[in-house]
Every structure is written in C-alpha cells, then in structure tokens.
RNA sequence: GCGGCCAUAGUCUAGUCUGGUUAUGAUCCGAGCCUUCCAAGCUCGUAACCCGGGUUCGAAUCCCGGUGGCCGCACCA
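In my numbering, the protein residues as written are 4 to 512.
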C-alpha cells in the first residue's frame, strides 16, 4: 500500500472490496452523486447500529413510530421547509458563477434589510444597490430559489415533497400521541427512516447523501418540567467532553471534560431536560461503539443555528478521513413546530395546563445513520503492520457484521465434517457466522481480520481426540481451547462483552 | 453550479503526448495439488479501455457532449 493514498480512499477501497458500501449508485449507469448502495456487510453493520439505537431509546422510555416519507406541500409550508429550506441564488450573466443572493447583498450593501424578502424583492435590491458578481464584477441575473427538498406529485396535480427530515412527520401525530400516552406529558417517541435532500453538489462520499436514514428522538414536554427532569439526578455527575461556543470563539478545538451539573451551573445548558438529551445522544453513540477519545460535543455558534433551533449541540466524531465530522444534533426546538402546524392545520395541538391551552416544547435528538456507519469503519481501521500484512477492522464485538468464523484447520474430510457441524450449531444459536476452507489457515484469519470478525473457531486434530476447539481472538491473535459443548455460551459472553478474552485465557491456564 | 486536473479487470497500474499485432504487470478471486494455526509454494482459470457521438482505412489513444471523482470557489436548512 502506498502511503500517499488518502485515508478516505483506503476506506472506500476496503468498503468496495469487502462489500460494505458501493457507489455512487447506480454504478452500471455511471452513478449519481449522493447515493450509495450498502453491501451485505454494510447492511449488517447498519442493522447492528440501528439495534443499538433502538435498545438505547427504548431503555430511555421512547416509543418507536414510522411515518410516510412523502407529504403534501401544505405540511412543508407549515414546517417552514418550503420557505426556509431554500437558498436564494443568482447567476453571474458573464462568468456563470452562482452565488447566494443574500450573502452577496450582505457583503456589498450591509445595511440593507433582507430578512423575509421574496426572490422578486431580492432581484430589485440587487438592481437598485448595484450588487455585482463577486469574482468578475459583472451584472447578475434574476434571483431564483433553490429548494433542497425533492419534489414529487400526488395523483395528477397535488404538489408533494420527500421529507428532508423525519421530525416533521413525527410532529403531525401529536394528537394521536396524546391519546396513546393518556394525555400525560412528557411523551417520548422516535423514528428511524429515510429522508431526502437535494444537495447541490454532494461530496465526501458517504458523508453527504441525497438519500439517507435518519434517526430522530422527540420529547414533547412542558416548559415547567424542563427544569425539573426526574431522570436528571441519575446522570448529573457524568462527565461529557464539551466545546462551548465561547471556547470556540477563543479558537479552541479541544473539548473540556465537565460534569453535566457543572455545565448547567456555568450556563452551557439552560435546562435539565435538554442536558439529559445531550447525555442520551452521547450514550447512544457510546453504545454504537464509539470511544470517548474520538468524540466531542460542540455547541452551535449563533450563525449556524437552524430556523427552528433555540439551542443546539452536535456530537462530532474524529476521523482520519475527514477530521471532525458532525454526526448528531441535539436541538431545543421550543414550540415552533407545533405552533406552526396548529396554525396551518387549524387542529388543536396543545394540552390544557390549569385550564389554559399550552403548546408544549420539543427536544430533539437527530442524526443520520450513514455518517456513524462510515465513521465507525474509519475509527476501527488498523493499517497493515509487521504482525499483520493486511489491514484489519477493530469493530467492537457487539457491532461487528460477521461475529464468528468457523474453520477446519485443513480441508480434509475428517476435519471438515466436524467443523461443519460446529458451524451449524453456531448458526442455530443465532450468530452471524461464516464457514471458510479456502487457502491456508493464516489466510483465512487475515480475511476475517479484514472485515473485523472478532472471533474465529478452529477445528483441529485435537478436536477429534478430546472434543475441544480453539477460539482465536482478532485483537491479540491469541487462542484459547474450550469444550465444544461450552462453545456457544462462551462466544455469547465474548460478543456481549460480559467476559473479556484475556480473562478467559487466564482461566484456562 | 463554475474553474483546474482526472477516468484502463474486484483493487492498484503500464500504454495515451507521437492512432496500427492477441492491451502491461501486480494483487485479489475461483479450481486443483500440497499443507497439523497466522498472507508459504506449485499448476490452471475468470476478469478491463466510464457512457454517447464525431474524425479516420483503423480510436484506450485525437475532437465534442454527458456522467462520475479529486482540488479550489459556492453550497451543506
């Protein structure tokens, strides 16, 4: 391997070769940027991440729902995405470069009011103020709007859009949730599903997609409960790696470890319930297998906040491919969404508090799954070394796509037949396992290392004599000999992490 | 979207400037032999000029368009 190749290329090459992800899709027609196919191992890995997410949310008392990915235009008018999700753009009449109209006006005529202006009004401002192309100073064309939502049609003539986030489709169910939760707030729900954004020019492979899988947890909560969150007590002393906006203004990039209650005292978080959401998001990422030293929580600067956000912190993962990657947003959306949908739909989206109608607030945890998927492969990657002449993936055993590989030491029938029996038992126990007889034993270990299989079971001549098999550990390349009949149970504890391989070795000596 | 560079087996690559045999090499992959634990070896085999059009007797090679990639600008609610 030549060292000058970019790290992200190495990851993409490995992903292609071993069936994690392929693209851009559809490859045989040349591909469209922003679309990828998941191969067998990528899909397995994604399922494991989704399971980790589900388990985490369910334990935190969230209930999963699923909504359509297409909604009529009225929904997106109300949510603000039809107007707020657009960029006003203008094209230079001479050199053809495209600019954000609002940015150009702000730069060249800073005193002009542009908030809420229509494209026609922006065009007028450009003409009157003499705004010109930033690169060649030529006149600009009329302002057009570019919407990042993908448009489609229902029936003959009803405009509709593919959802750019799952959150909005969840909010539309508010009244149904009230019934389900027997009118008791807070109500916690989450959704895992596809969302679509028509990015102008997606780059960086799996990190900016036009179609991706979003996970979004929502808590509907009354303002008075946000400062008095029952689950807060249990987590207040947990330390989180925080990078506040103040620290960023000072040019800092390293997070500071701080307990959650200290962060509240210092004003980094405003509300207990929001702080708990940040903690929950962080713990979901820990459960997906990310290590503490690759993560930081970064607060949004005032200028980065979305149209609905009151406060926003991101989880960022450090990668060797792209540096810090934004992977998850925790948003205090206030009551913006429900208020808007109440106004536009004319349906009552409030609860009664002291006989007064109150629109609850929403706290949200939102992330795409493809980004963590890529980041986990990136973080797990171990380059070839003197010990191993292929690269390998150090997935945490719980999320590794293939959990177990079973080999006869050699392809001879007297080993192959018992090996196949053991393979069958491992599959019956519910593991995702692979049987391999091709090539030398060393080569087969390498093949499994390359896709991150944590444990290999090998059947040798001793197996025939005394009924033991060996378990080989990916990380240490050490082996331990166990009885056949204990194998499945031991593998289970190793993969769950309730027993470490090292202690198993000590016990067997 | 704009500008610059680029596109050859699954992967990496030679050949393109200067058009002309059966498109180079490695690796991977498959079959077989051998092999009692970390890429051994040997034999055989599969597999490629991004797509479309043009110039030409003849195009991987030259020209145009498209698609995709990288870098810069813009964009990333």
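Note that CB positions come from ideal geometry on N, CA and C, so glycine has one too. Just so we're clear, the structure is a prediction, and the values are computed from it rather than from any experiment.
- The three-state reading of DSSP puts residue 36 in coil, since its state is none of H, G, I, E or B.
- Only residues of its own chain outside the window of five on either side were considered, and among them 150, 151, 152, 153 and 213 have a CB closer than 8 Å to the CB of residue 201, listed in chain order.
- At a Cβ-Cβ threshold of 8 Å, residue 247 and residue 302 count as neighbours.
- Residue 324 and residue 39 have their C-alpha atoms spaced approximately 18 Å apart.
- DSSP places residue 260 within a strand segment (E or B) once states are collapsed to three.
- For residue 511, no pairing in a beta bridge is given by DSSP.
- Distances from the CA of residue 484 to each of 215, 472, 466 and 125 were compared; the closest alpha carbon is that of 472.
- Using a Cβ distance threshold of 8 Å, residue 435 and residue 55 do not count as a contacting pair.
- The DSSP assignment places 170-174 and 177-183 as complete runs of the alpha helix (DSSP H) inside the region 135-223, in order along the chain (cut-off: 4 residues).
- Straight across, the Cα-Cα distance linking residue 108 with residue 142 is about 13 Å.
- With contact defined as three or more Cβ pairs closer than 8 Å, the region 313-330 and the region 292-302 are in contact.
- Within the region 347-373, the runs of beta strand (DSSP E) at least 3 residues long that lie entirely inside it are, in chain order, 354-356, 359-361 and 364-371.
- The three-state secondary structure of residue 387, taken from DSSP, is coil.
- Exposure of residue 511 is indicated by the presence of fewer than 16 other C-beta atoms within 10 angstroms of its C-beta.
- Pairing residue 444 with residue 410, the inter-Cα distance amounts to about 8 Å.
- Using a C-beta cut-off of 8 Å, the region 345-356 makes contact with the region 176-188, since at least three inter-stretch Cβ pairs fall below that distance.
- One Cα belongs to residue 261, the other to residue 463, and the distance between them is close to 52 Å.
- Our two residues, residue 59 and residue 422, have alpha carbons roughly 36 Å apart in a direct line.
- Contact between residue 37 and residue 25 fails: their C-beta atoms lie close to 14 Å from each other, not under 8 Å.
- Under the 10 Å beta carbon count, residue 32 is surrounded by fewer than 16 other beta carbons and is classified as exposed.
- One alpha carbon belongs to residue 293, the other to residue 244, and they sit about 13 Å apart.
- With respect to residue 363, residue 338 sits close: the two C-beta atoms are nearer than 8 Å.
- Taking one beta carbon from each stretch, the region 265-280 and the region 376-390 have fewer than 3 pairs nearer than 8 Å; the two do not touch.
- Proximity to residue 504 across 481, 357 and 489 peaks at 481, based on C-alpha coordinates.
- With a cutoff of 8 Å on beta-carbon distance, residue 367 and residue 344 are scored as not near each other.
- Proximity to residue 168 across 216, 266 and 232 peaks at 216, based on C-alpha coordinates.
- For residue 444, the enclosing alpha helix (DSSP H) has its first and last residue at 444-454.
- Distance between residue 451 and residue 340, taken at the CA atoms: about 48 Å.
- According to the DSSP assignment, residue 43 belongs to the alpha helix (DSSP H) that extends over 43-62.
- Distance from the CA of residue 75 to the CA of residue 86, rounded to the nearest whole angstrom, comes to 15 Å.
- According to the DSSP assignment, residue 289 belongs to the alpha helix (DSSP H) that extends over 275-290.
- The shortest CA-to-CA distance from residue 466 to any of 198, 417 and 112 is the one to 417.
- Here residue 268 is exposed: its Cβ has fewer than 16 other Cβ atoms, across all protein chains shown, within 10 Å.
- Note that the C-beta distance between residue 455 and residue 396 is below 8 Å.
- Relative to the Cα of residue 223, the nearest Cα in the group 241, 192, 438 and 234 belongs to 192.
- If the five residues before and after residue 272 are omitted, its C-beta is found closer than 6 Å to the C-beta atoms of 266 and 278, all from its own chain and listed in chain order.
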